[in-house]
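This report concerns only the one structure given below.
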Amino acid sequence: MNTKDLTLSQTEIHKLLSAGSGDAALLHLYLQCGNAPREAEAALGMSQARYSCAAATLRQLGLWPEESVYLRPAQQPPQYTEEDVTQAMNRSEEFRLLVGEVQRTLGRILTTEELKILLSFRNYLDLPAEVVSMLVCYCKERLRRKGSNRNPSLRTIEKEAYAWAEHGINTLEEAAAYMQAQNARYTRTANLMKLLQISGRSLTPAEDRYAQAWLDMDFDSQALQMAYEKTCLNTGGLKWPYMNKILQSWHQQNLHTGAQIQAGDKKPTPQAQRVQAGTAALGQMEREAIARMLREQEQEG
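This is the structure we're talking about:
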């Protein structure tokens, strides 16, 4: 086993801590030492199930060294007929059991058109039955979190099924890791909305794009709070583009925590440095006037 001194970025550390998986963190350290993934299971003493779950978690976090690429079929999805559904129900016990499971989860009998969609999950997208069951439960829970008591339609589930297929999710471990990552993201989005004092409504599509971009930059809650307060002080309220400019500026300076930003923002600008260099020869009144000017400029910025 190769071992060497490692340096992890703050982004890596934040992702690993947010995932809450000790196995994923251990596997990441092992791979960062230059070891081959195929040897990790034996070298780390992990069972196949533990290794698969850890690897799936790293893939969802974007930390897997060999990115899994799913090539979606180039041809158009087949148009299944009522006869195709009947044959599947008669010949495939697995499909019959899947239909029963989905109907129990959604609390209703599926129509023929919905059965055609369900059949496409298995035959076209090649999603295993157990993964389809998890997909349906995930879509139902996601809708519940948005405050709706309705069950998702098969068309809604179909959109998510294509997203799962494009992410290469075709095992229980990969589905569980994806759901864990999405649930963590939902929690972080909810916390951000609370910080921004948004309640009683969902984010608009434009607002959500801003929010997800900020989460992708891995700012901590203190940094987001500081950006929000600065925005409100300078504009009188929450202005998304203004707050985005603040966060973009910090991100370009690699400032992502409250402590980093407090330290970074204290660095004097070149203009301030020049003024400070010349204040030694000035009297008390001149120094106070310059100090007021600098404060006013900072408030305007």
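Counting the sequence shown from 1 gives a position; the working numbering is that position plus 653. Even for Gly, the Cβ is constructed at its ideal location relative to N, Cα and C.
Identify whether residue i lies in helix, strand or coil by the three-state DSSP scheme.
| i | result |
| --- | --- |
| residue 749 | helix |
| residue 699 | coil |
| residue 861 | helix |
| residue 928 | Note on residue 928: pLDDT 46, under 50, position unreliable in the model; no value is reported. |
| residue 721 | With a pLDDT of only 45 at residue 721, under 50, the local geometry of the prediction cannot be trusted, and no value is derived from it. |
| residue 870 | coil |
| residue 727 | For residue 727, the pLDDT reaches just 45, beneath the cut-off of 50, and the residue's location in the model is therefore unreliable, although a value from the coordinates is still provided. If DSSP states are grouped into helix, strand and coil, residue 727 belongs with coil. |
| residue 709 | helix |
| residue 836 | helix |
| residue 892 | coil |
| residue 777 | coil |
| residue 856 | coil |
| residue 686 | coil |
| residue 793 | helix |
| residue 663 | helix |
| residue 734 | coil |
| residue 716 | coil |
| residue 904 | helix |
| residue 764 | coil |
| residue 769 | helix |
| residue 799 | coil |
| residue 668 | helix |
| residue 916 | helix |
Go through its chain and collect everything with a Cβ distance to residue i's Cβ below 7 Å, but skip five positions before and after it.
| i | result |
| --- | --- |
| residue 900 | 867, 870, 872, 880 |
| residue 661 | none |
| residue 731 | 777 |
| residue 855 | 799 |
| residue 711 | 677, 680, 681, 717 |
| residue 773 | 730, 733 |
| residue 878 | 848 |
| residue 911 | 873, 875, 876, 879 |
| residue 721 | Residue confidence for residue 721 is low, a pLDDT of 45 falling below 50, so the modelled location carries little weight; the figure read from the coordinates is stated next. Cβ within range, chain order: 712, 821. |
Quick one: measure Cβ to Cβ for residue i and residue j, integer angstroms, because I've assumed they're closer than 8 Å.
| i | j | result |
| --- | --- | --- |
| residue 694 | residue 704 | 4 Å |
| residue 759 | residue 771 | In fact, because the Cβ distance is near 11 Å, the residues do not count as touching under 8 Å. |
| residue 809 | residue 790 | Not quite, the Cβ-Cβ distance comes to about 13 Å (not below 8 Å), so this is no contact. |
| residue 893 | residue 860 | 6 Å |
| residue 798 | residue 863 | About 20 Å; that fails the 8 Å criterion. |
| residue 769 | residue 733 | 4 Å |
| residue 785 | residue 765 | Contact flag wrong, Cβ pair sits at about 18 Å. |
| residue 890 | residue 906 | No, residue 890 and residue 906 are not in contact; Cβ-Cβ is about 26 Å, not under 8 Å. |
| residue 788 | residue 813 | 6 Å |
| residue 663 | residue 909 | 6 Å |
| residue 699 | residue 707 | 7 Å |
I'd like the list of long-range same chain contacts for residue i, defined as Cβ closer than 8 Å, with 5 residues on each side in sequence excluded.
| i | result |
| --- | --- |
| residue 675 | none |
| residue 683 | 654, 693, 696, 697 |
| residue 895 | 884, 887, 888 |
| residue 831 | 709, 713, 817, 820, 822 |
| residue 723 | Here the model assigns residue 723 a pLDDT of 47, short of 50, so the residue's position is not dependable and the matter cannot be decided. |
| residue 752 | 742, 763, 768, 771 |
| residue 852 | 846 |
| residue 755 | 763, 771, 785, 786, 789 |
| residue 659 | 682, 685, 686 |
Leaving aside the five residues before and after residue i along the sequence, list all residues of the same chain whose C-beta is less than 6 Å from its C-beta, in chain order.
| i | result |
| --- | --- |
| residue 667 | 871 |
| residue 931 | The pLDDT assigned to residue 931 is 49, lower than 50, so where the model puts this residue is not dependable; a value taken from the coordinates is nonetheless given after this. So the list is empty, once near-sequence residues are dropped. |
| residue 748 | 741 |
| residue 829 | none |
Got a sec: is the Cβ-Cβ distance from residue i to anything in chain C below 7 Å?
| i | result |
| --- | --- |
| residue 757 | No chain C appears in the structure shown, which is made up of a single protein chain. |
Any heavy atom of the ligand MG within a distance shorter than 6 Å of the CB on residue i?
| i | result |
| --- | --- |
| residue 915 | With respect to small molecules bound, the structure shown includes none, and the ligand MG cannot be examined in it. |
Checklist entry - So, do the region 803 to 817 and the region 847 to 858 have three or more beta carbon pairs nearer to each other than 8 Å? => result Verdict: no, contact absent.
Checklist entry - So does the region 820 to 827 actually touch the region 775 to 794, counting three or more Cβ pairs closer than 8 Å? => result The region 820 to 827 makes contact with the region 775 to 794; the number of CB pairs closer than 8 Å reaches 3 or more.
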